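Last residue of the sequence shown: 1263 (the UniProt record's numbering), numbering continuous.
Where a beta carbon is used, it is the ideal one built from N, C-alpha and C, also for glycine.
None of the values given here were measured: they were computed from a predicted structure.
Here's the structure, in structure tokens; my notes come after.
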Amino acid sequence: MDAENEKKILVEDTTTTDSTPKDEAEKPAGLGDLWRVYRFADRLDWFLNITSLICSIASGAAMPLMTIVFGQFTGRFSDFAGGSVDPDDFKDDVNQFVLWFIYLFVGKFVLAYVATTAVTISGIRTTRVLRQRFLEHLLRTEIWYFDTANVGSPATQMTTNVTRINQGIAEKLSLLVQGLAMFFSSFVVAISVQWKLALITLTVVPLFFLIIGIGMAIDAPIEAKVTGSYSQGNAFAQEVLASIRTVHAFWAQGRMKVRYDKYLDEAHQYGKKKSIVYGIMSSSTYFCMYGGNALAFWQGFRMYQSGEIDSVGTVFTVVLSVLLASSSIGLLYPQVPALANGAAAASELFKIFDKPSSLDPLSNEGKVPSTCQGQLQVDDISFSYPSRPDTQVLKNLTLNIPAGKTTAFVGASGSGKSTIIGLLERWYIPSSGRLLLDGMDVSMLNVKWLRSQMALVQQEPVLFRGTVFENVAKGFTEAQKALALDEQRRLVQEACEAAYAHEFILKLEQGYDTYLGERGGTLSGGQKQRVAIARSVVSNPKILLLDEATSALDPTAERIVQKALSHVSQERTTVVIAHRLSTIKDADNIVVISAGQVVEQGTHEELITLDAHYARLIKAQNLAIPENDTHNDLSAKEGPMVTDSDDAVERVMTAQTEKSVALKDGKSKPKDRSLLTSIFLILKEQKSLLPAICVSAAACSIAAATWPGQAILFSRLVTTFSSSEPSASDANFYSLMFFVIALGNLIAYFVIGYLSNIVAQSMSHQYRLELFSRMVDMDIDFFDRTENSSGALASILSSVPSSLQELLGLNIFVVLIMIVNLTASSALTLGYGWKLALVMVFAGLPLVTGSGYVKIRLESRLHDSNEVRFRESASLASEAVSALRTVASLTAESDFIHEYSETLSSIVIKSIKSLSVAMVAYAFSQSVEFLVMALGFWYGSRLMASGEYTAEQFFLIFMGVLFAGQAAAQLFANLGSLTRAKGAANYLFNLREENPMIRETDDNKDEGPDFDRTVGIHNVYFKYKSRSTRVLSGLSMDINPSQFVAVVGPSGCGKSTLISLLERYYDPTSGMICAGQQDIKNISPRLYRNEMSIVQQEPVLYEGSVRENILMGLDGDSADASDERLNEAARQANVLDFVSSLPEGFNTHCGARGSAFSGGQRQRIAIARALIRKPKLLLLDEATSALDSHSERLVQEALEKSRKESGCSVIAVAHRLSTIRNADVIFVLVGGKVAEVGTHEELQAMGGVYADMCQAQSLDREA
């Protein structure tokens, strides 16, 4: 065929990195992107946000208000120590102070509960709308946009990115506001008490915010690049996981891991740049605030000594306020990275949101005619794909498609046939010319109405997760969707009967309610095709578009379906694209297209008479059955022939019977390890990061020592101030010690900020790669499970490592600081005064830890359940976007949006109920310290009144417990993210325990196959794990060396299962498959697969160049094959001329799933990939089904020549019998066993099943 002609249909790669516009890629991320998320909030959300804001501010101000009470108490104590107040009055005054603490407890509890609950509910509700609108935006975007844009993985966008956004506008934002409120309230209190001293200490605040602002401005763009790299990596990973059979067939797991690792390494390199930012930002902020403490004490003493401040209580109110402002940084700082991450994630989403759609399928714009006759006219159409505007696919094409008639398009692969379908569906807009429907330009018609008048069945049918009924019902019109369920089921059954699908559906375990896997993967190709046809005819469309609609059907099923289609085509405009010409010989008009132009048209008889293009195609396909052959009527054999106890029926996996991480034997439940166990196990395996972790832990100890150190200094300063003759040297010394603490924090927090990011980035890289590696190494039945769709696994690849970062990232070091602080402060207080310390610590600590533990447990359960639901919803959305053309042709956008919305709504409802309970425990953990303080004041005052405790003892213990309480509150505030990490760690550990059964081991690694001897299939029985019905029932056959063996039979008889067993995707239930004298179970699967190749019915190409895709057929040691070998494989597959004619030749990008090429071109590249391997056993599963007759003949000749030259054995599964008539032996399968065996001539002479199949496909003998 003409290679130049084929080049015309090339569509540029849809997902390459450099396809993203530069201005879009370089647009910096900022907090503005995060705030834009609030445009998805409704009035209730705004009410909740404003309520939360007010309560967060009030909650944050509670602790600074305590300093007023504390300052007054210090003043009264000074009076008591000076003898101006008697013990009884002192006790009465203290009792009043205690009541104030109780009031603060109640207020803090209510405010913290309302603030956190309100903002969390609002965040969940807002991001629910965000997820829904994001999917809606993708489905409303014109299809050609995806030919050049990079939208990453929808699963990643809707799980990890939206989760980060949710944290940024909910949980983390609330903590940030409370921290800021505490920070500013502390200074407000200080100013109200002594404005001059307060203003002096405030000099550090502008510097503090300047550092934070600059740090976030630098961090956000870096984080956006990290997020972008991960998004591209996840898109690639999803592509790999969706085609895992091809990856396993070519033992390409290692190469896929290397390619995926390149995306991870790019993100890692970007991520490491954040280390210096985090180090400087964290150390500088803590240094500023602790330096402010030193300044406050130093200046406060000078002002007190000079008489400018007349009360000790005033000084300590101001100083304690400054101390609290410092401690608030512990609440503020961990939230900064979360906001940066949220902003980067929002930036990723808004790059897509900001692209307006120029062709909205859900818009009400455009005319909606009252009737549709179905008269189509192509008027002088020229067309070039948007990504290749200089290359014309159609050239001034003019064509009339009469209403109620069948028009067939035939021609070479890549001639522009499918492009016409794309223009009719308005996936693309013509460069010039018009498309008319009933005389009206389709550009003036409403898009949804136009598509609803058409029904499309594509060459590679796409089904969706859901039941058979739900899949067929996707083709309903709006009027049909409003019918009663019983009536809908009747319509579905009638459509399935017309499509010859009813019988095999009834044999499924749940009939029409049987759940299908991702992309309908639990059905065979023929069964998927029939369900897709039923989905198309169920709406009784005016126009039927059939793009190789019966290519996957066996001859008998094809003939019956053709009769059904002929019946439903009556009084309906039907456009058929076909390579198998037997399917269109009765068309009213046959149009032969070449190089984007019509070269001839007419009826079958008229074109035969011309003896030109069409006649040559006919002769190439004729099976030339002898005139004197006689055949029985097929109708008597239809029942037994369609024996769908088949591979597809048995691959149906029921979600109800499996857990999300079920082990191989299905008996063990996934383990649920505790948070501490998870941390220990992760630490244990991070030997390379252990030095950084140990240094960071040491720095945490220094930072944590700050708090008990401050308690000691504070108590000493109280003593100094309360002295009858205050010592300036002591005050200066202790102030200097506060500055030393500031210097210690400068060093400690730089180390923590810098190294924690190094650890986090390394862990993210490591665990993303490990998860992907383990996933691609899993047995195929792992991917058959409903919860392991490619979208769900892509979501896990993103969310689990992100959560695992929390275990050893910044958050864990913050938690460690708080634990050391809590422990050290408690120990210090017990050492200085055990009576008061015992009361305060052991009365308060169980309350704090108990409430915190309850909160963590509740949050952990909620997170685990939500993770599963969000993965399922992301999988649904990802499936819809990956099959956008099918969704558009069905006008099913609203259905998917509604289904997705319903799924999200159920998550929101369950989450709100759980959160309402969990937040009670959280609010109590945040406020109980006031009760502890009340108790401490009451009991401590009595100990001081009795002279048992000194002022220094009381204040040291009180401050120690105060700081310990602060640590406990911040500890449980930050532990929320660790609960997510616990669930992620459990997923990883459980996945590790699920080892694939089909793998290379020490015992088999040197055991290779002997394909120079007979490949034997001996009495093989097979059924899929969760099913009781057998697929293969005692199948036996021998394949001799260098033999061409064909396997034929009705769709669903077990042909594809046989290929799967030969590829060792599965092992037989019983029986044996031998390569020579060895059971293939005892052979290394790597060595076994390296000796064989497969070309599947639906060819899979990967994002990357043509060269990379063909070289994937080689093992790792030969991946750098010579150009000569590459060219030879391409020549044998009849694709060399086409590839050479492309501007970039073998370096041309294939696009995601090979979307840059037509089906026939993809198939030939896949054949080249198989042939470059020089296999000893070649498996062809409908390998030439997508090729035109000319290409098919050339490829068949090349395969035959290759077989004879190399001596390889060939096993071909075929429906198009012309491709296997020269086979050395043909096995006819019926019901999972061999029904007939022989050569083409021998089977013809039998006049049985095979002969009837040949008769169904033969063309007019006169041709």
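- The C-alpha of arginine 1086 is placed about 35 Å away from the C-alpha of alanine 760.
- Residue state for methionine 1037 is assigned as strand, using DSSP reduced to three classes.
- For the alpha helix (DSSP H) assignment, the stretch 896-941 encloses no uninterrupted run of at least 4 residues.
- Bounds of the alpha helix (DSSP H) holding alanine 338 are 335-353.
- In this model, methionine 775 and alanine 1168 are separated by some 27 Å (Cα to Cα).
- Counted as a single uninterrupted DSSP element, the stretch harbouring glutamine 392 is not any alpha helix (DSSP H), since DSSP gives it neither H nor E.
- Counting along the chain, tyrosine 260 sits inside the alpha helix (DSSP H) bounded by residues 253-272.
- Going by C-alpha positions, arginine 857 is about 23 Å away from arginine 125.
- In this structure, Cys1208 is the residue among Ala252, Cys1208, Ser696 with its C-alpha nearest to the C-alpha of aspartate 1010.
- Scanning its chain for C-beta atoms nearer than 8 Å, with the 5 sequence neighbours on each side dropped, one finds around aspartate 672 the residues Asn986, in chain order.
- For serine 678, no pairing in a beta bridge is given by DSSP.
- As DSSP reads the structure, alanine 984 sits in no beta bridge.
- Per DSSP, the beta bridge partners of histidine 1149 are Ser1105.
- When only Cα atoms are considered, phenylalanine 739 and serine 764 end up about 37 Å apart.
- Between tyrosine 260 and leucine 769, the C-beta gap is smaller than 8 Å, which places the two residues in contact.
- Across the structure, phenylalanine 733 and glycine 215 are spaced so that their CA atoms are roughly 33 Å apart.
- Between the alpha carbons of cysteine 700 and aspartate 265 lies a distance of about 29 Å.
- The beta carbon of aspartate 93 sits closer than 6 Å to the beta carbons of Arg76 from its chain, once the five residues preceding and following it are set aside; these are given in chain order.
- In the three-state reduction of the DSSP assignment, isoleucine 211 falls in the helix class, which pools H, G and I.
- With respect to glutamate 425, methionine 454 sits close: the two C-beta atoms are nearer than 8 Å.
- When only Cα atoms are considered, lysine 257 and histidine 268 end up about 16 Å apart.
- Under the three-pair Cβ rule at 8 Å, the stretch 801-818 does not count as touching the stretch 937-951.
- For the pair aspartate 438 and cysteine 496, the CB atoms are not nearer than the 8 Å cut-off.
- Bounds of any alpha helix (DSSP H) do not take in glutamate 509, whose DSSP letter is neither H nor E.
- Counting along the chain, the unbroken beta strand (DSSP E) around alanine 1212 starts and ends at 1209-1213.
- With a cutoff of 8 Å on beta-carbon distance, serine 569 and leucine 544 are scored as near each other.
- The Cβ atoms of tyrosine 922 and threonine 116 sit closer than 8 Å to each other.
- Exclusion of the five residues before and after tyrosine 1065 leaves Arg245, His248, Ile780 as the residues of its chain whose Cβ lies within less than 7 Å of its Cβ.
- Using a Cβ-Cβ distance cut-off of 8 Å, the stretch 206-213 and the stretch 302-316 are not in contact, since fewer than three pairs of beta carbons, one from each stretch, lie closer than that value.
- Leaving aside the five residues that flank lysine 273 on each side, the residues in its chain whose CB is nearer than 6 Å to its CB run, in chain order, Ile222.
- Assigned with DSSP and collapsed to three states, isoleucine 1220 falls in coil, not helix or strand.
- Its Cα nearest to that of tyrosine 113, the residue Leu915 stands out among Leu915, Ala951, Tyr1250, Ile702.
- A Cβ-Cβ contact shorter than 8 Å links isoleucine 143 with alanine 888.
- The stretch 811-826 makes no contact with the stretch 273-284, as fewer than three CB pairs between them are under 8 Å.
- The C-alpha of aspartate 1067 lies about 35 Å from the C-alpha of lysine 982.
- Straight-line measurement puts the Cα of serine 1218 at about 10 Å from the Cα of arginine 1193.
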